[in-house]
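In full-length UniProt numbering, the protein residues as written are 1 to 227.
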Ligand SMILES: [Zn+2]
Ligand SMILES: [Zn+2]
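Right under this line is the structure:
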């Protein structure tokens, strides 16, 4: 195809091809949920080729495609906590995930974010302005949707930390609004959880103490009030 996307795509492919296994704690919150409790429960996560599987008592509890509708955010590094935001049929679910070690948290957040990167789609015409595309430029694909577009329509740059990039990346005209709304959603989720933690600091701290010794008590669950 004459295209050379070099190191960055190779790294993306490597991470997407690798299998990750880990033990975590999870609590789930659905948008508009009235239940007053959040239960922390031990879970196993497996990430393989962009699919995240969650096992609860050795049974698959959920299978999530790390697509454009799933996002990962760091909530609290001190608590080794991150959030997975899942948008399905216009309903939003937040998973709060706690790792036992800080390095596990960092590795998983990065792997999950990189898994979200789309495969590059080679097109003959620009999907935005219909101009014919010359597939010879490294810089003409949108890092958010993966479409190869004309130079004019990929003239923008955005901070794409949500996909594991550390510097600003090329993005197409169509994806700018989408990235903005994702960032708003991420900020909303973080704020909600922060409010929870502030009102229930004592319990959250006792949870932390328990979690450090909870390795051999897989059935134990923890609750945090949710208002
Ligand atoms: Zn165009
Ligand atoms: Zn795009």
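Beta carbons: idealized from backbone N, C-alpha and C, even for Gly.
- Identify, in the order they occur along the chain, each residue of the same chain with its Cβ nearer than 6 Å to the Cβ of residue 116, setting aside the five sequence neighbours on each side. By one-based count along the chain shown, residue 116 stands at place 116. Counting only Cβ-Cβ distances below 6 Å, and skipping sequence neighbours, we find 66, 163.
- Is residue 142 helix, strand or coil when you go by DSSP? Here residue 142 refers to the residue found at position 142 when the chain shown is read from its first residue. Correct three-state label for residue 142: coil.
- Message: Please state the DSSP three-state secondary structure of residue 51.
- Response: Taking the first residue of the chain shown as 1, we reach residue 51 at position 51. Residue 51 falls in the strand class under three-state DSSP.
- Would you tell me roughly how many angstroms separate the C-alpha atoms of residue 226 and residue 196, rounded to the nearest one? By one-based count along the chain shown, residue 226 stands at place 226. By one-based count along the chain shown, residue 196 stands at place 196. Caution is warranted here: a pLDDT of 32 is assigned to residue 226, below 50, making its placement in the model unreliable, and the coordinate value is therefore given only provisionally. In a straight line, the C-alpha of residue 226 is about 7 Å away from that of residue 196.
- Residue range of the unbroken beta strand (DSSP E) whose run includes residue 29: Against the chain shown, residue 29 aligns to sequence position 29. 19-30 is the span of the beta strand (DSSP E), which, as asked, contains residue 29.
- Kindly examine ligand 1 and report whether one of its heavy atoms sits closer than 8 Å to the Cβ of residue 228. The question about residue 228 has no answer here: the residues shown for the chain are numbered 1 through 227.
- Flag residue 144 as yes when its Cβ comes closer than 8 Å to any non-hydrogen atom of ligand 2, and as no otherwise. Working through the chain shown from its first residue, we reach residue 144 at position 144. Yes, ligand 2 has a heavy atom inside 8 Å of this Cβ.
- In this structure, does DSSP put residue 101 in helix, strand or coil? Taking the chain shown and counting its residues from 1, one reaches residue 101 at position 101. Coil, per DSSP.
- Flag this pair as yes or no: are the beta carbons of residue 77 and residue 47 separated by less than 9 Å? Numbered from its first residue, the chain shown carries residue 77 at position 77. Numbered from its first residue, the chain shown carries residue 47 at position 47. The answer is no: Cβ separation not under 9 Å.
- Any chance you could list the alpha helix (DSSP H) runs of at least 4 consecutive residues sitting entirely within the region 64-131, in chain order? 102-115
- Message: Contact between the region 19-29 and the region 85-105 is defined here as three or more beta-carbon pairs at a separation below 8 Å; is this criterion met?
- Response: yes
- Task: Check whether the Cβ of residue 134 lies closer than 8 Å to any heavy atom of ligand 1, and answer yes or no.
- Result: Along the chain shown, read from residue 1 onward, the residue named residue 134 stands at position 134. Every heavy atom of ligand 1 is 8 Å or more from the Cβ of residue 134, so no.
- What number of angstroms, rounded off, separates the C-alpha of residue 13 from the C-alpha of residue 120? As a working mapping, residue 13 is identified with position 13 in the chain shown. As a working mapping, residue 120 is identified with position 120 in the chain shown. Those two C-alpha atoms are separated by around 11 Å.
- Message: Just to confirm the assignment, what range does the beta strand (DSSP E) spanning residue 170 have?
- Response: The residue you call residue 170 lines up with position 170 of the chain shown. Its beta strand (DSSP E) spans residues 168-171.
- Task: Report the rounded CA-to-CA distance for residue 87 versus residue 133, giving the unit in angstroms.
- Result: Position 87 of the chain shown, counting from 1, holds the residue named residue 87. Position 133 of the chain shown, counting from 1, holds the residue named residue 133. Cα to Cα, residue 87 sits roughly 33 Å from residue 133.
- Message: Does the distance between the C-beta of residue 121 and the nearest non-hydrogen atom of ligand 1 fall short of 8 Å?
- Response: Along the chain shown, read from residue 1 onward, the residue named residue 121 stands at position 121. Because no heavy atom of ligand 1 lies under 8 Å away, the Cβ of residue 121 does not count as near it: no.
- Message: Short of 7 Å in beta carbon distance, which residues of its chain neighbour residue 205, apart from the five on each side in sequence? Order them along the chain.
- Response: Indexing the chain shown from 1 puts residue 205 at position 205. Bear in mind that a pLDDT of 41 at residue 205, under 50, signals an unreliable position, so the model cannot answer this.
- Query: In angstroms, rounded to a whole number, what distance separates the CA positions of residue 182 and residue 9?
  - Reply: Taking the first residue of the chain shown as 1, we reach residue 182 at position 182. Taking the first residue of the chain shown as 1, we reach residue 9 at position 9. Cα to Cα, residue 182 sits roughly 23 Å from residue 9.
- Task: Inspect the beta-carbon positions of residue 122 and residue 142 and report whether they are closer than 9 Å.
- Result: Here the question's residue 122 lines up with position 122 in the chain shown. Here the question's residue 142 lines up with position 142 in the chain shown. No; because the gap between Cβ atoms is not below 9 Å, this pair is not in contact.
- Message: Rounding to the nearest angstrom, what Cα-Cα distance links residue 126 and residue 114 in this structure?
- Response: Mapped onto the chain shown, residue 126 falls at position 126. Mapped onto the chain shown, residue 114 falls at position 114. Distance between the alpha carbons of residue 126 and residue 114: 25 Å.
- Could you tell me whether any non-hydrogen atom of ligand 2 is closer than 8 Å to the CB of residue 171? Start at 1 with the first residue of the chain shown, and residue 171 comes out as number 171. Yes, Cβ of residue 171 sits closer than 8 Å to a heavy atom of ligand 2.
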